[in-house]
Structures are given as structure tokens and as C-alpha cells.
Amino acid sequence: MDYSNRHIHSEMDDESQESMDACGDSSPYVPPHLPPMPGRERLQIQKSSVCSRAYFVVVMVFFHVYIINIIGLLFYVHYNNSPADIVSGDGDTSASSSGVDSRLSPSDPPQQDPDLDVRQSFSLPRIEGIRVGHVQRVSLKPDSIQEMKTLSLKPLLFEIPGFLSEEECGVVVQLAQLKGLMESQATVPPEDQEEELQPLLSLSPEETFSLLDLDQDGLLQRQEILSHSRSRDGTWLSPENLRQILTGQEASPAGVLTLEEFRHVCDGMSQHPLQQRGGTRRGQPKRKSRHTWLYQGPGSHHILHALRNRVTHLARLPSPLVELSEPLQVIRYEQGGFSHAHHDSSPSHPETTCSHTRLAGNTSAHTEISCRYITVLLYLNSVEGGGETTFPVADNRTYEEEALVQGGVDLTDTQQSCNRGNLRVKPTAGTALLWYNHLSDGKGWMGEVDEYSLHGDCPVTRGVKWVANSWVNVDPDHQRQARYQRLVTHRQEGEPGREEREPPPPHSNHHQDL
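Sequential numbering of the sequence shown, starting at 433, is according to this note's numbering.
Written as C-alpha cells, this is what we have:
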């Protein structure tokens with residue numbers, strides 16, 4: 433009997449020792465209320481720890497479930513908001529993960545209501561600024577990497593050195609000179625001046641035809657008319673005039689308008705195309721420069737076409753938005769040339785319509801406005817003196833119009849207060865600036881105008897300044913934007929003999945490719 437008890441005690445000691453070794457606790461536990469029994473050895477029982485296999489298994493199970501939930505959430509966010517599904521490396525759009533065509537091309541009949549929310553097909557991604565001074569690497573040219581530096585967060589502004597080569601800058605300047613530049617000086621009318629119908633430009637039908645004929649082939653094609661309607665100079669070409677010109681073009685047996693046919697169309701217009709209602713509008717930016725517009729569509733110079741694709745890739749937007757935006761505007765500032773601070777885009781109201789989508793409406797709105805989601809400013813030369821691009825209120829804590837006048841000095845007057853702007857960028861040949869003129873609406877589309885995008889051009893004190901503006905036009909009304917894209921694409925596809933009239937592939941001789 434005593435042997436059995438000792439055997440049991442020995443086994444208990446072994447088990448206690450194993451428990452002690454497993455949990456790492458070697459301190460013995462002696463119950464204080466049990467006196468030692470005579471004739472028996474006192475049991476040495478080890479203290480048990482909460483560190484057990486069952487507890488370890490439960491903790492690991494909960495940990496793995498937590499990790500799996502986090503991974504699932506990341507995948508959900510990625511596939512519902514990722515801009516990578518919108519544009520590929522070469523600037524062309526690709527189908528999204530849901531299988532919806534992001535081009536909204538009417539050549540593929542939609543399976544749903546044609547006026548369905550365009551945001552279901554593509555959204556407007558935005559580049560992350562991270563912080564001022566942050567540098568990102570982007571590939572915009574074959575076998576080349578460019579650096580994109582964040583200059584401000586309000587507005588979201590980036591600088592991209594080396595966006596254009598020296599040769600590309602020279603070609604764009606020469607193409608603009610060959611096309612011919614017009615005065616773009618604008619003044620602010622007096623407060624008591626009533627709006628009236630007055631001529632904007634004194635041009636003959638021949639000169640008007642030359643402005644519309646973007647590729648200068650002597651034939652006015654549908655694409656040229658539509659492209660011109662998306663430029664700011666299109667404000668003197670009302671929607672009624674545009675429809676009359678398009679009707680005349682459709683009635684032509686060859687599908688194009690010659691100069692003689694264009695004269696007949698102009699004679700039948702109820703309102704002369706060289707007049708606009710309201711003359712110079714109050715609040716229009718004041719500037720002193722000369723400018724022209726360069727077509728970037730099919731048949732244009734290969735460098736102009738490459739620049740448009742580069743902008744598409746840089747902005748990470750669907751290509752239809754960029755392709756159906758305004759032509760490239762080239763501006764020349766001579767000595768003393770300037771531009772007062774202004775916003776490139778305008779706030780939207782129920783009584784307004786965007787200039788670039790007005791053809792999608794059945795009636796004309798009272799006021800046409802510029803709807804420019806993004807501005808890409810290209811410096812075509814390095815200025816000898818002055819000519820900086822100024823952002824007077826960049827990264828201010830707050831924006832108030834009253835604060836634009838400080839000590840009797842108007843910060844929007846670049847002739848007087850250019851050196852007082854918060855941010856100034858010196859023109860360097862080949863460098864590009866990109867900024868957003870609008871905030872996001874929080875749903876993947878364009879929101880309100882970013883007031884901090886106020887900018888202007890300081891006076892040129894020495895030499896000349898050449899710049900180009902590439903704007904991406906977006907209508908705040910996403911359904912009207914979708915209707916406009918379908919309208920333009922339908923007309924382009926239905927244009928008779930389009931392939932036969934397509935110019936030969938462009939080459940390096942920019943004089944012949946104008």
C-alpha cells in the first residue's frame with residue numbers, strides 16, 4: 433500500500449514537473465491550510481499557468497480571422513475605386529473589372545438606358561499629392577522616366593520637368609506661327625455698361641473659314657466644326673450657328689464644305705457668327721497676348737497627337753474625355769505681356785451650360801461657361817525675364833475674396849502684385865504644370881470649382897514667352913457628358929467617305945503636316 437502511494441506520488445510529481453517545464457514556472461506551491469501528514473511525504477504541486485494549448489489555438493484562430501477580414505476589405509476597396517482599370521500605360525482605356533466599356537462608345541449598343549449614369553462606366557481619378565515637395569516617378573515617353581513634383585495641395589498642383597523635348601517645343605511654336613495668332617486682349621467692362629449685341633472680331637467669311645479649317649486643307653469637315661465648338665473662341669459661334677453649319681455640311685454631296693459653300697451657309701444665318709450676345713462679359717480675365725488653336729485629332733502633326741496621348745497618360749483619364757476636349761491653345765506673350773489672375777473653369781448653375789457640350793442640349797441656355805476639369809500648362813521656351821506663373825492664394829489656410837485685396841493692392845492684378853503671390857513658377861522650356869480646377873464631388877465625378885486654382889501670368893520683362901494650354905473638359909452633369917460623347921462619336925462614324933478623306937500619315941516635316 434505504501435509502495436502504491438509512493439508510485440502515485442511519483443507520477444504526480446512527474447506530471448507537475450512537465451507542467452512546470454511547459455509553462456516556465458519552477459516555484460513550488462504548498463497549500464498553507466494543510467499540515468503535513470505523519471508517515472507521508474508532502475506533495476510538491478506546481479502552479480498551473482493560463483498559457484495552455486487551448487488558449488493558444490483560440491488566440492491564433494481569432495488572429496487569422498482578423499487578418500482575412502482586413503485582406504477582404506482591401507480587395508473590396510481596390511476593385512470598387514481603383515483608377516488602374518480606367519487607363520492603360522499607352523493612354524488608352526480598357527474595360528473595367530465589371531466588364532463595362534469605359535469608352536462609352538456608341539458603336540457598341542448599350543445594354544441599358546443610354547442616359548444612365550456615366551459614372552457607372554468610368555470615373556475621374558485624381559493624382560495623389562501626398563505633401564508639398566513629394567516626388568513621384570512617371571513614365572510618359574518610351575524608355576524614359578520623368579519626375580513629378582507636388583508644388584501645392586490647394587490647388588492640387590504638380591510640376592513635370594522634361595515633359596516635352598526641345599524639338600517638340602520648337603515644332604509647336606512653328607506650327608502656331610504658321611497657323612497665325614490673333615489678339616487675345618480682354619478688358620473688364622464698366623459696372624454700368626449694359627450687355628448688348630456687339631461684334632467680337634472683325635473677320636470676313638474667308639478668315640472665319642480659315643479659323644475653322646484646322647488642318648488648312650481648304651475643306652471644312654465635321655470634326656473640325658465640332659473641335660472648334662469646344663474652344664473658348666467658340667463663344668462667338670452660337671449653338672444655332674453651329675447647327676446651321678453642320679446642316680450645310682451634311683447637305684453637301686461630298687460631306688465637306690468648300691469656301692464657296694461656307695459663304696452660302698453664312699448668308700443664310702439668322703445671326704452673324706462673328707457676333708456674340710453680351711460682348712465682353714464682366715469678370716472676364718484681363719490679358720495682353722496673342723494666341724491660336726492647334727488641332728490634335730486624326731491627320732494632325734504626329735507631335736501634337738503624341739502630346740495629347742501624353743496628357744491622357746499623365747492625367748490617368750479615359751481617352752474619350754481628352755480626345756473630345758478643346759484643341760491645344762498656344763499663347764505668345766511679348767515684352768509687357770501678362771494675364772491677370774483668374775480661374776480656368778467656371779461654377780455651374782441650373783441656368784448655365786458648358787461650352788463643349790452645348791450641342792448635346794436641345795435648347796440654348798442663357799449663359800455658356802468653361803468646364804475645365806484639368807489644366808496642363810506647357811512651357812515652350814525659357815523666358816529671359818519675368819513671365820512667371822503665379823498662384824496668389826496657393827495653400828492658404830482659407831480662401832476669402834476680401835483677402836485678395838491687401839493694403840490697397842489687388843492680388844489678382846499681376847502687373848502690380850505679381851511678387852506677392854504665394855507660389856510662382858519660372859518658365860522653363862519643356863516643363864509642364866498640371867493642376868485640378870475642380871474638387872471631387874466624393875462620388876468619382878467633378879465637384880465645385882477649387883477657388884485656390886486662381887492663377888495668372890506675371891508681365892514679361894525681357895524676351896518673349898511661349899506657352900500652350902491643354903485642357904480636359906468635363907461637364908458637371910455626367911448624363912449630358914455621356915450624351916455629348918455619343919452624339920459626337922455617332923456623327924464621326926456616320927460621316928461619309930471619312931477614310932477616303934483621311935490625310936496621309938504625318939511625318940517630321942511640320943510645314944506639310946500643319
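Just so it is clear, CB atoms sit at the ideal spot from N, CA and C, and this is done for glycine as well.
Computed from a predicted structure; not experimentally measured.
Taking Gln653 as the reference, give the member of Thr690, Gln676 and Asp842 with the closest Cα.
To locate residue 653, count along the sequence shown from 1; it is residue 221. The residue with the shortest Cα to Cα distance from Gln653 is Thr690.
Looking at the unbroken alpha helix (DSSP H) that takes in Lys611, where does it start and where does it end?
Residue 611 sits at position 179 when you count from the first residue of the sequence shown. In the DSSP assignment, Lys611 falls within the unbroken alpha helix (DSSP H) covering Glu598 to Lys611.
Do the CB positions of His870 and Ser777 come within less than 9 Å of each other?
One-based indexing of the sequence shown puts residue 870 at position 438. One-based indexing of the sequence shown puts residue 777 at position 345. Result yes, Cβ atoms of His870 and Ser777 sit closer than 9 Å.
Within the continuous beta strand (DSSP E) that includes Ile763, where are the two ends?
Counting from 1 along the sequence shown, the entry for residue 763 is found at position 331. From DSSP, the beta strand (DSSP E) with Ile763 extends over Leu760 to Tyr765.
Going along the chain, which residues of its own chain have a beta-carbon closer than 6 Å to the beta-carbon of Val896, five neighbours each way excluded?
In the sequence shown, counting from the first residue as 1, residue 896 sits at position 464. Cβ neighbours of Val896 beyond the five flanking positions: Glu766.
Kindly indicate which three-state DSSP category Leu809 falls into: helix, strand or coil?
Numbered from 1 along the sequence shown, position 377 holds the residue referred to as residue 809. Three-state result, Leu809: strand.
Return yes when the Cβ of Asn905 is within less than 9 Å of the Cβ of Arg804, no when it is not.
Walking along the sequence shown from the start, residue 804 turns up at place 372. Walking along the sequence shown from the start, residue 905 turns up at place 473. Yes. Within cutoff.
Could you tell me which of Pro750, Arg790 and Gln761 sits nearest to Thr724, measuring between CA atoms?
The sequence position of residue 724 within the sequence shown is 292, counting from 1. For Thr724, the nearest C-alpha among the options comes from Gln761.
Does the Cβ of His496 have 16 or more other Cβ atoms within 10 Å, making it buried, or fewer, making it exposed?
Residue 496 sits at position 64 when you count from the first residue of the sequence shown. For His496, the number of other beta carbons within 10 angstroms of its own is below 16, and it is reported as exposed.
What does DSSP give as the partner residues of Val825 in its beta bridges?
Stepping through the sequence shown from its first residue, residue 825 is reached at position 393. Partner(s): none; Val825 has no beta bridge.
With Val604 and Ala900 assumed to form a contact (beta carbons below 8 Å), what rounded beta-carbon distance in angstroms separates them?
For this step, residue 604 is matched to residue 172 along the sequence shown. For this step, residue 900 is matched to residue 468 along the sequence shown. 6 Å between Cβ atoms; contact.
So if DSSP puts Trp725 in a beta bridge, which residue, or which two residues, is it bridged to?
Locating residue 725 in the sequence shown gives position 293, counting from the first residue. Beta-bridge pairing links Trp725 to Gln761.
State the start and end residues of the unbroken alpha helix (DSSP H) segment that holds Leu691.
Numbered from its first residue, the sequence shown carries residue 691 at position 259. Here the alpha helix (DSSP H) through Leu691 covers Leu691 to Asp699.
Please check the pair Pro587 and Tyr884, which I expect to be a contact at CB under 8 Å, by giving their CB distance rounded to whole angstroms.
As a working mapping, residue 587 is identified with position 155 in the sequence shown. As a working mapping, residue 884 is identified with position 452 in the sequence shown. Here Pro587 really is in contact with Tyr884; their C-beta atoms are around 5 Å apart, less than 8 Å.
Paired residues, beta bridge with Gly853 - DSSP
Residue 853 sits at position 421 when you count from the first residue of the sequence shown. Partner(s): none; Gly853 has no beta bridge.
Coarse secondary structure for His775, derived from DSSP in three states:
Stepping through the sequence shown from its first residue, residue 775 is reached at position 343. Here His775 sits in coil by DSSP.
Cutoff 7 Å; reference Val491; Cβ partners in own chain excluding five residues on either side:
Start at 1 with the first residue of the sequence shown, and residue 491 comes out as number 59. Once the five neighbours on either side are set aside, Val491 has no close Cβ partner at all.
In the DSSP assignment, find the unbroken beta strand (DSSP E) run with Ile592 in it and report its ends.
Walking along the sequence shown from the start, residue 592 turns up at place 160. It spans Leu588 to Ile592 - the beta strand (DSSP E) in which Ile592 sits, taken as one unbroken run.
At what residue ranges does the segment 869-913 contain a whole run of the beta strand (DSSP E), taking only runs of 3 or more?
870-872, 878-881, 887-889, 892-894 and 897-905
Look up Glu800 in the DSSP assignment and say whether it is helix, strand or coil.
Your numbering for residue 800 matches position 368 in the sequence shown. It is a strand residue.
Using a 10 Å radius around the Cβ and a threshold of 16 neighbouring Cβ atoms, would you call Ile577 buried or exposed?
Counting from one through the sequence shown, the residue named residue 577 turns up at place 145. Under a 10 Å Cβ-count criterion, Ile577 is classified as exposed, with fewer than 16 other Cβ atoms of the shown protein chains found around its own Cβ.
Taking just the CA atoms, how far does Ser780 sit from Glu816?
Here residue 816 corresponds to residue number 384 of the sequence shown, with the count starting at 1. Here residue 780 corresponds to residue number 348 of the sequence shown, with the count starting at 1. Cα to Cα, Glu816 sits roughly 39 Å from Ser780.
Going by C-alpha distance, which of Leu836, Arg856 and Ser484 is nearest Gly819?
As a working mapping, residue 819 is identified with position 387 in the sequence shown. Checking every option, the nearest Cα to that of Gly819 belongs to Arg856.
Buried or exposed for Asn813, please, with buried defined as at least 16 other CB atoms from any protein chain shown within 10 angstroms of its CB.
For the purposes of this step, residue 813 is taken as residue 381 along the sequence shown, with counting starting at 1. Buried, since its Cβ has 16 or more Cβ neighbours within 10 Å.
In chain order, what residues of the same chain have a beta carbon less than 8 Å from the beta carbon of Lys573, not counting five sequence neighbours either side?
As a first step, residue 573 must be located in the sequence shown, where it is residue number 141. Hits under 8 Å: Arg742.
Specify, as a first and last residue, the run of the beta strand (DSSP E) that Arg569 falls within.
Along the sequence shown, one-based indexing puts residue 569 at 137. Note, Arg569: beta strand (DSSP E), Val567 to Lys573.
Where does Gln847 fall in DSSP's three states?
Within the sequence shown, numbered from 1, the residue matching residue 847 stands at position 415. In this structure, Gln847 counts as helix in the three-state DSSP scheme.
Nearest-angstrom Cα separation, counted from Ile500 out to Ser584:
Translated into the one-based positions of the sequence shown, residue 584 becomes position 152. Translated into the one-based positions of the sequence shown, residue 500 becomes position 68. Their backbone Cα atoms lie some 38 Å apart in a straight line.
Cutoff 7 Å; reference Leu644; Cβ partners in own chain excluding five residues on either side
The residue given as residue 644 occupies position 212 in the sequence shown. So the qualifying residues of the chain are Leu652, Glu656, Ile657 and His660.
Judging by CA-CA distance, which residue of Glu598, Val892, Tyr868 and Ser684 is the nearest neighbour of Leu749?
Against the sequence shown, residue 749 aligns to sequence position 317. Comparing Cα positions, the closest option is Tyr868.
Determine the DSSP secondary structure at Gln648, reduced to helix, strand or coil.
For the purposes of this step, residue 648 is taken as residue 216 along the sequence shown, with counting starting at 1. Note: Gln648 maps to coil in three-state DSSP.
Label Thr860 either buried or exposed according to how many other C-beta atoms from any shown protein chain fall within 10 Å of its C-beta, with 16 as the threshold for buried.
Taking the first residue of the sequence shown as 1, we reach residue 860 at position 428. Thr860 should be labelled exposed.
Euclidean distance between Cα positions of Phe488 and Ile562:
Here residue 488 refers to the residue found at position 56 of the sequence shown. Here residue 562 refers to the residue found at position 130 of the sequence shown. CA-CA distance, Phe488 to Ile562, rounds to 41 Å.
Quick check on Leu596: buried or exposed, where buried means 16 or more other Cβ atoms within 10 Å of its Cβ?
Taking the first residue of the sequence shown as 1, we reach residue 596 at position 164. Leu596 is buried by the Cβ-count criterion.
Do you know how far the Cα of His910 is from the Cα of Arg485?
Translated into positions along the sequence shown, residue 485 becomes position 53. Translated into positions along the sequence shown, residue 910 becomes position 478. Each residue's alpha carbon lies about 59 Å from the other.
Figure out for me which residue from Ala747, Arg790 and Glu832 has the closest Cα to the Cα of Val920.
Position 488 of the sequence shown, counted from the start, is the residue given in the question as residue 920. Checked all of Ala747, Arg790 and Glu832; the closest Cα to Val920 is Arg790.
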